[in-house]
């Protein structure tokens, strides 16, 4: 892990592919760990905060990396969709904090609507992040390191992770 680019790959991959799906799914699980006394919401916001921090740090490191090499920013579909996902992650984080503890805002706007907006923006952020990961599998460094079949398998695994993670979310959307 000697380059900022390597950290970008690691942190954004861990954030979007590992921690975020668990954080989203934690709201569906009755009791994540029997020994924990915290609620599903607490587990959700803790995991999503860690995932978001990984993603944000990973993106900042890549920005610095490109700046140091005097390369242009946001010139590929991967980087543009990635930027969109980061913006949505930040909006979702703010919405989640407001929905959870924004007492003044909750006096003005229904909590149900706050949660709906948070869920919709969070879902869009996760989807954009996973699309960004799938797009990354076709970038030069992945092509250099992995066969076409392996990259295809990674793309399929990413799609399966999206479907499994969002099953409960879409179920919740349709119940309104």
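In full-length UniProt numbering, the protein residues as written are 1 to 176. Just so you know, even glycine gets a beta-carbon here, dropped at the ideal spot from N, CA and C. In this text the structure is predicted, and so the values were computed from the model without any measurement.
State yes or no: is the C-beta of residue 7 within less than 8 Å of the C-beta of residue 58?
Result yes, Cβ atoms of residue 7 and residue 58 sit closer than 8 Å.
What runs of the alpha helix (DSSP H), each 4 residues or longer, lie entirely inside the stretch 54-125?
Qualifying alpha helix (DSSP H) stretches, in chain order: 77-101 and 103-108.
What's the C-alpha gap between residue 79 and residue 3?
Cα to Cα, the separation comes out at about 18 Å.
Closest to residue 47 by C-alpha separation, out of 28, 24, 110 and 161, would be which residue?
It is 24 whose Cα lies nearest to the Cα of residue 47.
Below 6 Å CB to CB, which residues in the same chain sit around residue 183 once its five sequence neighbours on both sides are set aside?
The shown model of the chain, from 1 to 176, leaves out residue 183, and the question about it has no answer.
Does the pairing of the stretch 100-109 with the stretch 57-77 give three or more beta-carbon distances under 8 Å?
As far as the Cβ criterion goes, the stretch 100-109 does not touch the stretch 57-77, which means the pair count is below three.
Taking just the CA atoms, how far does residue 153 sit from residue 53?
Residue 53 and residue 153: Cα-Cα distance of roughly 27 Å.
Between the alpha carbons of residue 155 and residue 161, how many angstroms are there, rounded?
Using only the alpha carbons, I get a separation of about 10 Å.
Check whether the Cβ atoms of residue 17 and residue 135 sit closer than 8 Å, and answer yes or no.
No, the Cβ-Cβ distance between residue 17 and residue 135 is not below 8 Å.
Between residue 49 and residue 93, what straight-line distance do the alpha-carbon atoms span, to the nearest angstrom?
Rounded to the nearest angstrom, the two C-alpha atoms are 8 Å apart.
The alpha helix (DSSP H) that contains residue 156, what's its start and end?
Note, residue 156: alpha helix (DSSP H), 148-174.
Compute the beta-carbon to beta-carbon distance between residue 114 and residue 99, rounded to the nearest angstrom, for a pair I have assumed lies under 8 Å.
With 8 Å as the limit, residue 114 and residue 99 qualify as a contact, their Cβ atoms being about 4 Å apart.
Among the candidates 171, 89 and 101, whose CA atom is the shortest distance from the CA of residue 42?
Considering only alpha carbons, the answer is 101.
Smallest Cα separation from residue 51: which of 146, 164, 15 and 91?
The shortest Cα separation from residue 51 among 146, 164, 15 and 91 belongs to 15.
Could you tell me the distance, in whole angstroms, from the CA atom of residue 116 to the CA atom of residue 171?
Between residue 116 and residue 171, the C-alpha separation is close to 13 Å.
Does residue 20 pass the burial test, meaning 16 or more other C-beta atoms within 10 Å, or should it be called exposed?
Buried, since its Cβ has 16 or more Cβ neighbours within 10 Å.
How big is the Cα-Cα spacing for residue 119 and residue 96?
Residue 119 and residue 96: Cα-Cα distance of roughly 9 Å.
Can you name, in chain order, every residue of its own chain whose Cβ lies under 7 Å from the Cβ of residue 77, other than the five neighbours on each side?
The answer, listed in chain order, is 135.
From the DSSP output, in three-state form, read off residue 5 for me.
It is helical.
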